[in-house]
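K.L.:
Counting in this note's numbering, the sequence shown runs from 25 upward without gaps.
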Amino acid sequence: MVNMNMKIKIAVALVGVIVISIVIIAILNGNSNGKESTIHNITVGSSAPNYGFFLDNGTSTNLTAFKGHTTLIWFVATWCPSCAQGNAAINQNYQFFKQHG
């Protein structure tokens with residue numbers, strides 16, 4: 025009976041080590057979708073990379089389309105309360121932003 029309990033403990037420990045190893049490998053492997061990720065080091069005054077995105081009407085565009093225009097890019101999460109407050113502040117000040125480019 026003692027040997028059986030010891031075998032079960034060893035099996036559980038082995039499965040735990042395997043699961044933890046798989047998780048660590050997945051984390052270290054990172055980008056699993058096959059696309060390379062590029063990190064841009066952007067400094068104040070430099071040009072932004074030509075980032076592509078979708079507009080709220082569903083059309084795709086990129087930053088090149090806005091060249092020569094002052095552009096505000098606002099990255100938010102829909103679940104984020106402070107992001108919603110920021111959205112409200114931008115909407116309240118829209119006329120100011122519009123007049124100043």
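Note that beta-carbon positions come from the ideal geometry of N, C-alpha and C, so glycine has one too. Keep in mind it's a predicted model, so treat the numbers as computed, not measured.
Just reading off the beta strand (DSSP E) that N86 is part of, what are its end residues?
P.N.:
Here the beta strand (DSSP E) through N86 covers 84 to 86.
K.L.:
Could you round the C-beta distance between L87 and A72 to whole angstroms and report it? I think they count as a contact, below 8 Å.
P.N.:
Contact holds; Cβ gap of about 6 Å.
K.L.:
Going by alpha carbons, who is nearest to K91 out of N74, L79, K122?
P.N.:
Of the candidates N74, L79, K122, the one whose C-alpha sits nearest the C-alpha of K91 is N74.
K.L.:
Would you kindly check if the distance between the Cβ of A113 and the Cβ of C107 is under 7 Å?
P.N.:
The answer is no: Cβ separation not under 7 Å.
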